[in-house]
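Chemist:
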Amino acid sequence: MTGPQSIVIVGGGTAGWMAAVALGQLLGAGGSRVTLIESDTIATIGVGEATIPPIRTFHAMLGIDEDAFLRATGGSYKLGIRFEGWGRPGESYVHPFGQIGTDIAGVPFSPQWLRARQTGQADALGRYSLEARAAEAGRFSRPIVNGDSPLSRIGYAYHFDAGRYAIFLRAEAEKRGVVRHEGLVDRVETGPNGIAAVHLAGGERIAGDLFFDCSGFRALLIQGAMKAGWEDWSRWLPCDRAVAIPSQPDAAPLPLTRSVAMRAGWRWRIPLQHRTG
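Mapping to our numbering: the sequence shown position 260 is 761, numbers consecutive.
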């Protein structure tokens, strides 16, 4: 069985360029051609992005240097998420990455903590997490090479500027042979096996064996061409819009994302090197 010889991605941004760099890494050496189509006339939302630890696995697969990535994206470290006011007013807790507590005599920590908590003998769960305590104190360390130390198992992720991240990934993708085409998709050509090609507004036809739709809410391929259908969940999601307001940083970035409950919806605070999202 052979893989697709020509892969076409419609749409850029973080979704498009993450797909492009991964496909270039995994399939480029096998002869597959990866093409990404995007237009500079379609703006992306360059918000502060808060991630979870699997992004480090993604970067490791690509061989991305962490220092170079953080410099390019204005990124900062993240040890968890602090939820403020989600239970009772004035109450907060940190949902940490990484291990919480440690097994005792072969018994997992969580049931022992629950039993001790019921009898008033255990503190709040976050007090048993290195990541939660460090985040609250504004401290961070990369994992050290020492299998016996809790510092060898630190779980963390990143905050970064989504617009800068897309630019960074584009450079990484092009190193892996991905070709970028500037243009707007004007028409989608279908055949017996689905999508056969896309036609750009400038007249160019780009054919492919496999297509990825990274066009966001426009859904040019999955809905516009394939009519996959849209399941409306708006009745379950009363919080139906987001307003991103960047501001100047007022202190050194804390290694956590703040999620603050409000009377109508919630707000976040994502610290970057150059601004706060």
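Even glycine gets a Cβ: it sits at the ideal position worked out from N, Cα and C.
1. Just list the alpha helix (DSSP H) runs in the stretch 628-681, keeping only unbroken ones of 4 residues or longer that don't cross its boundaries, in chain order.
2. Mind checking Asp662: buried by the 16 CB within 10 Å criterion, or exposed?
3. So Asp833 and Ile508 are in contact, right, with Cβ under 8 Å, and what is the actual spacing, rounded?
4. Just verifying my parser: in three-state terms, what is the DSSP assignment at Glu690?
5. Just to confirm before moving on: does the CB-CB distance between Ile585 and Ser577 stay below 7 Å?
6. Give the straight-line distance between the Cα atoms of Met502 and Ala697, rounded to the nearest whole angstrom.
7. Between the C-alpha atoms of Gly514 and Gln613, what's the straight-line distance to the nearest angstrom?
8. Looking at the secondary structure, which residues open and close the beta strand (DSSP E) in which Pro597 lies?
9. Out of Arg681, Gly591, Glu550, state which residue places its alpha-carbon closest to the alpha-carbon of Thr782.
10. Does the contact criterion of 3 or more C-beta pairs under 8 Å hold for the stretch 670-683 versus the stretch 518-530?
11. Where does Ala523 fall in DSSP's three states?
12. Under 7 Å between the Cβ atoms of Leu757 and Leu537?
13. Rounded to the nearest angstrom, what separates Gly767 and Arg572 at their Cα positions?
14. Closest to His596 by C-alpha separation, out of Ala606, Asp541, Gly656, Leu722, would be which residue?
Modeler: Reading it off the structure:
1. 631-638, 663-676
2. As a position in the sequence shown, residue 662 is number 161, starting the count at 1. Answer is buried; the Cβ neighbour count reaches 16.
3. There is no way to answer for residue 833, as the model of the chain reaches only from 502 to 778.
4. Looking up residue 690 in the sequence shown gives position 189. DSSP places Glu690 in strand when its eight states are reduced to three.
5. Looking up residue 585 in the sequence shown gives position 84. Looking up residue 577 in the sequence shown gives position 76. It is Glu, not Ile, that sits at residue 585 in the sequence shown. No, these two residues do not count as a Cβ contact at 7 Å.
6. Looking up residue 502 in the sequence shown gives position 1. Looking up residue 697 in the sequence shown gives position 196. Here the model assigns Met502 a pLDDT of 42, short of 50, so the residue's position is not dependable, and the following value carries that caveat. Distance between the alpha carbons of Met502 and Ala697 is about 20 Å.
7. Here residue 514 refers to the residue found at position 13 when the sequence shown is read from its first residue. Here residue 613 refers to the residue found at position 112 when the sequence shown is read from its first residue. So the two alpha carbons sit approximately 45 Å from each other.
8. What you label residue 597 is simply residue 96 of the sequence shown in a count that begins at 1. Per DSSP, Pro597 belongs to the beta strand (DSSP E) from 593-597.
9. Here the chain covers residues 502 to 778 and nothing more, so residue 782 does not appear.
10. yes
11. The residue labelled residue 523 in the question sits at position 22 within the sequence shown. Helix at Ala523.
12. As a first step, residue 757 must be located in the sequence shown, where it is residue number 256. As a first step, residue 537 must be located in the sequence shown, where it is residue number 36. Taking 7 Å as the Cβ cut-off, Leu757 and Leu537 do not qualify as a contacting pair.
13. Position 266 of the sequence shown, counted from the start, is the residue given in the question as residue 767. Position 71 of the sequence shown, counted from the start, is the residue given in the question as residue 572. According to the sequence as given, residue 767 is Trp; it is not Gly. The straight-line gap from Cα to Cα measures roughly 30 Å.
14. In the sequence shown, residue 596 corresponds to position 95, counting from 1. That would be Gly656, whose Cα lies nearest to the Cα of His596.
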